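By the count of this note's numbering, the sequence shown reaches residue 96 at its end, each step adding exactly one. Positions of the beta carbon are idealized from the N, C-alpha and C atoms, including for glycine. Model, not experiment: these values are computed from the prediction.
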Amino acid sequence: QKHDISREISLLDSRAPISITERRIKSPSQLAIAKERFERMIEGLSRRNQRILCLRIAGASYVQIAADLGLHERTVRKVVAQLKRQSREAEREE
């Protein structure tokens, strides 16, 4: 089954679950670069923040993530906002 990357939602879109790809990624090489960027970002995160990110990518709500990890919803929102900022900064540097 083919994967339509144009249907992906941006990591920077605050209204939707996080995705490692964005609508503007059109080629396999751009997708590979996005995946490498994501892997580098993941490596530098604490285990807790990795779990938050993975659950958010999977579509879990802030409330669900907080309940699953025993955290306050506000903490989850702050971590996701921080990860979004880091992603934007990494994109600007490239």
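Next on the checklist: Just to confirm before moving on: does the CB-CB distance between L185 and Q66 stay below 9 Å?
Outcome noted: Absent from the model: residue 185. The displayed extent of the chain is 3 to 96, so no value can be given.
Checklist entry - Cβ atoms of A92 and R42: under 9 Å apart, would you say? => result For R42 and A92, yes; Cβs fall inside 9 Å.
Item to check | Extent of the continuous alpha helix (DSSP H) to which K37 belongs | outcome: That run of the alpha helix (DSSP H) goes P30 to E45.
Item to check | Sequence-distant residues of its chain with Cβ nearer than 8 Å to E38 (five each side left out) | outcome: Same-chain partners within the cutoff: there are none.
Checklist entry - Leaving out the 5 sequence neighbours to the left and right, which residues in its chain are closer than 7 Å to S48 when beta-carbon positions are compared? => result So no residue of the chain qualifies.
Next on the checklist: Could you give the first and the last residue of the continuous alpha helix (DSSP H) run that contains A68?
Outcome noted: In the DSSP annotation of this structure, the continuous segment of the alpha helix (DSSP H) that includes A68 starts and ends at Y64 to L71.
Checklist entry - Out of curiosity, what's the CA-to-CA distance linking R53 and E95? => result Answer to the nearest angstrom: the Cα atoms are 26 Å apart.
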